[in-house]
Structures are given as structure tokens and as C-alpha cells.
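Accompanying notes for the structure given below.
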Amino acid sequence: MNIYRNPYQTHPQCHLIIGNFDGVHLGHQQLIKTARAEAYKDGCPLACLTFEPHPKTFFNLPHT
């Protein structure tokens, strides 16, 4: 796994999943597993886009 702080550092053709991956629970694991299989089928790398800080913090919204 590589961590990039700039999206322009990533591979130009990839499968991308976007979410707030705040701990990799079973739902996140299934999403990543499915996306990885699809990316492999297409011969592309898989990338995950997440957020820091949490979007609710960034937009000053209450956490639920």
C-alpha cells in the first residue's frame, strides 16, 4: 500500500473508491474486496480516497 497526499501522484488509470474509511470494519472490507476484484479484472490498480479531517469536522457538523 502506498499513501499519497496529492491525488496527482497516483496512477493515471485506476479504479477508485471514495469514503470515510474510519476503521476497516466488515462493510469496508467487503467494499475493498469487491473493488479490488473489479480492478484486477480490468488490469488496473485500486485506489481508496479518504478524508482527513473527517468531513463532519471540516464542515463543523455534529458527529452522529
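Residue numbering for the sequence shown follows our numbering, beginning at 1439 and increasing consecutively. Glycine is no exception: its CB is placed at the ideal position from the N, C-alpha and C atoms.
Asked, Found
"Per DSSP, what kind of secondary structure is Ile1441 in: helix, strand or coil?", "coil"
"Below 6 angstroms CB to CB, which residues in the same chain sit around Phe1489 once its five sequence neighbours on both sides are set aside?", "Asn1458"
"In chain order, what residues of the same chain have a beta carbon less than 8 angstroms from the beta carbon of Thr1472, not counting five sequence neighbours either side?", "none"
"Starting from Leu1469, trace the alpha helix (DSSP H) in both directions and tell me its first and last residue.", "Leu1464 to Asp1480"
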